[in-house]
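Numbering (my numbering), first residue to last: 6 to 333. Think of the CB as a built atom: it goes at the ideal place given N, C-alpha and C, for glycine as much as any other residue.
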């Protein structure tokens, strides 16, 4: 009996020690768990880490190239457009495409008889509420944006310097030589590496956006030479008469897409780069390039917004490329 008691005591002590260790373990881990539950979760925004911004919300007018249009006016019976002569082919194709988007709304380009009046006159017609949109081959001026006009880029284009196909000059011109020719400082083809013969300059009409661009980019805003025996400024913004009058000694300029397939003229490279090099135009290596625009008033009709959106759509940009302009 005494031996049995002696064996029981160690077993009881071992049991009590085991229970004590288990209880101590529960107490230790439970305390840490309670402590961690009592702490506030870490803030997702740390002092040195700015809060995450939500995904940027597109502007309501982002589809229209950044135009802040208010299409609250009623749609017209006819969507009238005027403006750039050099954009005629592009605008005609965009009009055809728009008839598929909105068959019930006819469009016209050029007022009053379907012949466009040039960028400057077209913008003035828009200001005077004679048309709903203008096609512009130049950016808007401050005085035009100040009266509520807004322009959206729709394509890129380049100006080509052209001579008659029978002109003996077959070289390249620098931008500075071109400037001097159109300012009357270089007057003979021999001064630019050609045969001795007077240079006859045929300038575009001042109403032309192409005229304005050439003056800004090539002449650096300075004036053209005055008209004289070998310098003529056209009265109307028409390209075909200019090209026909080049002969063997004339020089003029036009948009590339108007002359690239003409058999009677030859394009003169500038700085040894041709404007038919689309990549050079796109990257700016060809120096006489531009963006062309559709212009509307800020408060306009849903049809105007729809026309611009169509032009910027993949379908519209395919038309841009097909006509000979460079898509954005």
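Restricting attention to 297, 171 and 240, the CA atom closest to the CA of residue 124 is found in 297. Per DSSP, reduced to three states, the secondary structure at residue 283 is helical. Contact between residue 238 and residue 90 is absent: CB atoms are separated by about 15 angstroms, not below the 8 angstroms threshold. Just so you know, the alpha carbons of residue 246 and residue 266 end up roughly 16 angstroms apart. Distance from the CA of residue 304 to the CA of residue 133, rounded to the nearest whole angstrom, comes to 14 angstroms. For a cut-off of 8 angstroms, the C-beta gap from residue 113 to residue 83 is around 6 angstroms, short enough to register as a contact.
Our two residues, residue 333 and residue 74, have alpha carbons roughly 20 angstroms apart in a direct line. Nearest neighbour of residue 94 by Cα position, chosen from 321, 299, 288 and 262, turns out to be 262. The continuous beta strand (DSSP E) containing residue 138 extends over residues 138–141.
Counting the other CB atoms within 10 Å of its CB gives residue 172 a total of 16 or more, which places it among the buried residues.
In this structure, residue 128 lies near residue 300, with their beta-carbon atoms less than 8 angstroms apart. With respect to the C-alpha of residue 235, the residue from 314, 202, 216 and 224 having the closest C-alpha is 202. The criterion of a C-beta distance shorter than 8 angstroms is not satisfied by residue 121 and residue 156. By the Cβ test, the segment 162–179 is not in contact with the segment 307–327, since fewer than three Cβ pairs between them sit closer than 8 angstroms. Going by C-alpha positions, residue 106 is about 45 angstroms away from residue 252. For residue 126, the enclosing alpha helix (DSSP H) covers residues 124–132.
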